[in-house]
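Number 66 in UniProt numbering belongs to position 66 of the sequence shown; there are no gaps in the numbering.
Reviewing the structure listed below.
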Amino acid sequence: MTPPPNTAGGGLANAIAGSGLLILWATIFGTPLGILAGIYLAEYGRKSWLAEVIRFINDILLSAPSIVVGLFVYTVVVAKMQHFSGWAGIIALALLQIPIVIRTTENMLKLVPDTLREAAYALGTPKWRMISAITLKASVSGIITGVLLAIARIAGETAPLLFTSLSNQFWSTDLMQPIANLPVTIFKFAMSPFAEWQQLAWAGVLLITLSKIQVRDLNFYYGKFHALKNITLDIAKNKVTAFIGPSGCGKSTLLRTFNKMYQLYPEQRAEGGILLDGQNILTDNQDIALLRAKVGMVFQKPTP
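Structural data, given as structure tokens:
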């Protein structure tokens, strides 16, 4: 249980359990909706006007900062209920999860060769049967990967929960009331003046680097937008480093430069130097797979 201020002992069991409950329910609601919408876009809608509207809304949700989703749910749900609740947090997390599942499902189904569909139609197979027995089975591994990425995204979200489920210091499973969760608890404890709370916060979120990283005059651009300016810092080997800040401050953008995931988007570029054990990963030829296996991955879609 999370302890009161200036109290020794305690832990994060209630926050971990609360986060698990929120993620579980958000996944129960978000995953089926995302998969069904992805199936419609890939198999039924294709280029219809409704499919284009769904894709447009989905793109907006994918690129919207999580704090905006939190404010939306606060306005629509929390303000009308006049109190924070676990259900409001679940709705916010589901809204963040659904677009990832939709995009992954649609893309995975589009990768299935049309020859499989044509062969099924030639045998007189109904479309619903063809989808359930052929295309979904052929793309199930990719869809599961998308669901896991969506869960990884919502598991670390703090901003939407600050405006929806908030938190408490008790063991509670009542989703009609504020419920303890790990991201908000870490945020609250890390910002507190109490040493015991700060220690628990560091126990809750750790970035342990196995290699020395030196950032020198790093600049990052989203097209013409200058997102990071002249960043210089050192991350010591085998030390614990935490990046803490509000949504949109550039934490994920900085981490994305360490593993060069920004190269997935042609309009993005990084300038300067990032030395990984003395080697500049921005200019030297790198085995991307080995680099990302060593440094790690950042799955959140860039939001300039």
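Glycine included, each C-beta is placed from N, C-alpha and C at the ideal position.
Take Ala150 as the anchor and find which of Leu166, Pro99, Trp128 has the nearest alpha-carbon.
Pro99
Quick one: Cα of Leu24 to Cα of Gly89, how far?
12 angstroms
Sort out for me which residues DSSP pairs residue 352 with in a bridge.
Absent from the structure is residue 352, since the part of the chain shown begins at 1 and ends at 304.
Which word fits Leu12, buried or exposed, when buried means at least 16 other C-beta atoms lie within 10 angstroms of its C-beta?
Residue burial annotation: Leu12 is buried, with at least 16 other C-beta atoms found within 10 angstroms of its C-beta.
Could you work out which residue in Phe187, Ala236, Thr164, Leu228 is closest to Ile213 when comparing CA atoms only?
Ala236
On a CA-only basis, which of Phe187, Leu123, Val140, Ser66 is nearest Pro160? Give me that one, please.
Ser66
For the stretch 162 to 169 against the stretch 116 to 126, are there 3 or more C-beta pairs whose distance is under 8 angstroms?
In this structure the stretch 162 to 169 does not touch the stretch 116 to 126; the number of beta carbon pairs closer than 8 angstroms is below three.
Do you know whose CA, among Gln263, Ile281, Ala227, lies nearest Lys251's CA?
Ala227
May I ask you to report which of helix, strand or coil DSSP gives Asn280?
strand
With a threshold of 16 other CB atoms inside 10 Å of the CB of Thr265, please say whether the residue is buried or exposed.
According to the sequence provided, residue 265 is Tyr. The question's Thr does not apply to it. Result: exposed.
Where does the unbroken alpha helix (DSSP H) through Val68 begin, and where does it stop?
66 to 73
What's the call for Val112, buried or exposed, on a 16-neighbour Cβ count within 10 Å?
That one is buried.
Relative to the ligand ATP, is the shortest distance from any of its heavy atoms to the C-beta of Phe187 smaller than 7 angstroms?
As for the ligand ATP, it is missing from this structure, which has no ligand bound.
Assign Arg269 to one of three DSSP states: helix, strand, or coil.
strand
What did DSSP end up calling Leu161 once you bin it into helix, strand or coil?
Residue state, collapsed to three classes: helix.
Since I believe Leu22 is in contact with Leu95 (beta carbons under 8 angstroms), could you give me their beta-carbon distance rounded to a whole number of angstroms?
Distance from Leu95 to Leu22 at the Cβ level is roughly 13 angstroms; contact not present, criterion being Cβ atoms closer than 8 angstroms.
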